[in-house]
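*Asks:* Those letters in the sequence shown? Residues 1 to 217, per our numbering, in order. Glycine residues also receive a C-beta, built at the ideal position from the N, C-alpha and C atoms.
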Amino acid sequence: IDTREFAELAVAEHRSLPPGIVKPDRALVIGVDRLDYTKGLPQRFRAFAAFLERHEDWHRHVSLLQISPPTREGVAAYDAIRDETEALAGRINGQFADITWAPIRYIHRHVARERLAGLYRAARVALVTPLMDGMNLVAKEYVAAQDPADPGVLVLSQFAGAAEQMQDALQVNPHDIEQVAAAIHSALVMPPRERRRRQERLMEGLLAQDVHWWSAA
1 IDTREFAELA VAEHRSLPPG IVKPDRALVI GVDRLDYTKG LPQRFRAFAA
51 FLERHEDWHR HVSLLQISPP TREGVAAYDA IRDETEALAG RINGQFADIT
101 WAPIRYIHRH VARERLAGLY RAARVALVTP LMDGMNLVAK EYVAAQDPAD
151 PGVLVLSQFA GAAEQMQDAL QVNPHDIEQV AAAIHSALVM PPRERRRRQE
201 RLMEGLLAQD VHWWSAA
């Protein structure tokens, strides 16, 4: 990615986020993926539900915002993953929500890149947990968007191509629901010093190997 450009965009867009999107007493966990069976959305939702089952103290203090633009509608395999994902989101909200809080906000439409940049900066945790992925630029954009003084934490599938470069993310096997649930908790309670250390190392890699480096290689 163009690391510096995206970082500047995130700073500007974070200031313009509408009131109410981010609440001071509620940590935002974000996922941004095309609606595709390789992205592991059902596994991610089940892991988030497992986290909520094990950590009642986080109820009403955390929410997952999942943004999944549609792809290949009308193809049976993609229609099935849409139906499964929507059903899981409804079931988890039905199990855990109360009148002031829904644990999952699921958006099945396109969101502008500029708005995503601001949301990345606002999010305490990013879940980038595909079952397989050639690279995954969302992981890199999330890190580029962070406030270096108070950064969020990237939870990253070991099966994403970006994992080779981004060793300081919390790497997980997306098929292991318990491991992902534990990583969500670890990310939420991680001390600021460790968050900053991981962020600095990740940003060093993104700045050294950005889109200009790739194009010249």
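Using a Cβ-Cβ cutoff of less than 7 Å, which residues in the same chain neighbour GLU178 once the five nearest sequence positions on both sides are dropped?
*Replies:* Residue mapping note: residue 178 aligns to position 178 of the sequence shown, counting from 1. Around GLU178: ALA50.
*Asks:* Kindly list the residues whose CB is nearer than 6 Å to the CB of PRO174, restricted to its own chain and excluding five residues on each side of it in sequence; keep chain order.
*Replies:* As a working mapping, residue 174 is identified with position 174 in the sequence shown. GLY40, GLN43, THR129, LEU131 and SER157, listed in sequence order.
*Asks:* Over the uninterrupted alpha helix (DSSP H) stretch that includes LEU119, give me the two end residues.
*Replies:* The sequence position of residue 119 within the sequence shown is 119, counting from 1. Note, LEU119: alpha helix (DSSP H), 113-122.
*Asks:* Using the C-alpha atoms, what's the distance from LEU119 back to PRO151?
*Replies:* Walking along the sequence shown from the start, residue 151 turns up at place 151. Walking along the sequence shown from the start, residue 119 turns up at place 119. Near 13 Å, if we compare the C-alpha coordinates of LEU119 and PRO151.
*Asks:* Less than 7 Å between the beta carbons of ASP133 and ALA112, yes or no?
*Replies:* Position 133 of the sequence shown holds residue 133. Position 112 of the sequence shown holds residue 112. No, the Cβ-Cβ distance between ASP133 and ALA112 is not below 7 Å.
*Asks:* Counting C-beta neighbours from all protein chains within 10 Å, is the total for LYS23 16 or more, i.e. buried, or is it exposed?
*Replies:* Within the sequence shown, the letter at position 23 stands for residue 23. Answer is exposed; the Cβ neighbour count stays below 16.
*Asks:* For a test of the three-state rule: what should DSSP assign to ALA216, helix, strand or coil?
*Replies:* Position 216 of the sequence shown, counting from 1, holds the residue named residue 216. Note: ALA216 maps to helix in three-state DSSP.
*Asks:* Tell me which same chain residues have a C-beta within less than 7 Å of the C-beta of THR71, skipping the five on either side of it?
*Replies:* Sequence index remark: in the sequence shown, residue 71 carries index 71 (1-based). Around THR71: ARG34, LEU35, ASP36 and TYR78.
*Asks:* Out of ASP147, VAL32, LEU64 and ALA80, which has the shortest C-alpha to C-alpha gap to GLU13?
*Replies:* Within the sequence shown, residue 13 is the residue found at index 13, counting from 1. Of the candidates ASP147, VAL32, LEU64 and ALA80, the one whose C-alpha sits nearest the C-alpha of GLU13 is ASP147.
*Asks:* Are the Cβ atoms of ALA144 and THR3 separated by less than 7 Å?
*Replies:* Taking the sequence shown and counting its residues from 1, one reaches residue 144 at position 144. Taking the sequence shown and counting its residues from 1, one reaches residue 3 at position 3. The answer is yes: Cβ separation under 7 Å.
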